[in-house]
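The sequence shown runs 51 to 317 under our numbering.
Glycine included, C-beta positions come from ideal geometry on N, C-alpha and C.
For reference, the structure is listed below as structure tokens.
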Amino acid sequence: MGELKTRAISGIVIVACILGGIRIGGIFWLLIASAIALISLWEYYGLFSSFSHISKGIGLIAGAIAIYLAYKGCSFTALTLLLIIQSYVVLTIELIRKITINKSYALLNVGGVLSGLILVVLPWSFLVLLRQRPIGIQLLFSLFLCTWSCDVFAYLIGSKLGRTPFAPYISPKKTLEGFIGGLSGSILCAAIISYYYKIPPVPWILLGAMVGVAGQVGDLFESLFKREAGAKDSGSLIPGHGGFLDRFDSILINSTLIFLAFEVILN
């Protein structure tokens, strides 16, 4: 019961900060998104460190710049250049290391730093950009509430009715029944949001279905990282929840897909 209480309190604080940040927007949302993104990136690099040396500082600096560029509305050309430049900076460091001490980690270091920026930071940059759009508040509320509903329903249904293992080699506790429960919870949440905001229900229900499927796949992605790194959690900064990457793994892929749908396909 003590652990459950700790988990509940931590969850309430997280929900309040996220929803409050979305509601207020502006610099406040930028600071919240940046903090979560950079801490998650640090944890990602921590997992990657079990395989190779990685230039965490360069990745974190590039990550902070990327989110700020998104906030200022800079083009994706600028973001792409940033990713390329930081890769060459990392390569230069490895070149110097090889010349001076005959030891380098060029392939893994460049790949690790770049993959962290792409998989962790860019999705949060998308959330900063989306908040500035006319329906940004509704989109971000829907994204987070549907993702959280998916998590809650997947846990409740899976723990009570779960019988069929879903991905036993990655996450043994996940079941097909839990997956269906999570998908149902996300769709139900999307329907309620569309009713509340008086939005045509079909697009929002489709959004809920996409979030319900992709979010659970995103959770498996992070579980795969942890399993290969031999780690139980990505970190321990959130009492009862593990690390920030543990808590927001589903958000990463969901924010990318919503950005793709509303900023690229439908724009």
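Query                                                                                                           : Result
Thr-127, buried or exposed, once every other Cβ within 10 Å from all chains shown has been counted against 16   : exposed
Option nearest Ala-12 by Cα separation, candidates Leu-310, Leu-164 and Leu-302                                 : Nothing about residue 12 can be read from this structure; the chain reaches only from 51 to 317.
Length of the line joining the Cα atoms of Lys-248 and Leu-310                                                  : 23 angstroms
Span of the beta strand (DSSP E), counted from its first residue to its last, around Thr-225                    : 221 to 225
Assigned secondary structure, Ala-217 (DSSP; H/G/I helix, E/B strand, else coil)                                : strand
First through last residue of the alpha helix (DSSP H) which encompasses Phe-379                                : This structure cannot speak to residue 379, because the chain is shown only from 51 to 317.
Inter-residue Cα distance where the pair is Leu-316 and Thr-197                                                 : 22 angstroms
Per DSSP, the bridge partner or partners of Gly-71                                                              : Beta-bridge pairing links Gly-71 to no other residue.
Sub-7 angstroms separation of Phe-31 and Leu-97 beta-carbons                                                    : Since the first and last residues shown for the chain are 51 and 317, residue 31 lies out of range.
Bridge partners - Ile-237, DSSP secondary structure assignment                                                  : DSSP, once it has assigned bridges, lists no residue as partnering Ile-237.
Three-state class that DSSP yields for Ile-288 in the structure shown                                           : strand
Cβ neighbours of Thr-225 in the same chain (closer than 7 angstroms, five flanking residues each side left out) : Gly-208, Gly-212, Arg-213, Thr-214, Pro-215 and Phe-216
Where Leu-310 falls: helix, strand or coil (DSSP)                                                               : helix
N- and C-terminal bounds of the alpha helix (DSSP H) containing Ile-149                                         : 126 to 151
Within the stretch 63 to 107, ranges of the alpha helix (DSSP H) (whole runs, at least 4 residues)              : 76 to 98
Straight-line gap, Trp-79 to Ile-72 (C-alpha atoms, nearest Å)                                                  : 6 angstroms
Which of helix, strand or coil DSSP assigns to Ile-249                                                          : coil
Residue range of the alpha helix (DSSP H) that includes Gly-162                                                 : 156 to 166
Ile-57 (DSSP reduced to helix, strand or coil)                                                                  : Before going further, note that residue 57 is Arg rather than Ile in the sequence given. Arg-57 falls in the helix class under three-state DSSP.
Spatial distance of Leu-141 from Leu-195 (CA atoms)                                                             : 41 angstroms
Exposure label - Ile-151; buried when at least 16 CB within 10 Å                                                : exposed
For Lys-282, three-class secondary structure by DSSP                                                            : coil
Rounded Cβ spacing between Leu-193 and Ile-308 (contact assumed at less than 8 angstroms)                       : 6 angstroms
Nearest candidate by alpha-carbon position, reference Tyr-245, set Ile-77, Phe-312, Ala-87 and Gln-188          : Gln-188
Cutoff 7 angstroms; reference Ala-240; Cβ partners in own chain excluding five residues on either side          : Ser-192, Cys-196, Trp-254, Ile-255, Leu-257 and Gly-258
Residue burial classification, Pro-173 (beta-carbon count within 10 angstroms, cutoff 16)                       : buried
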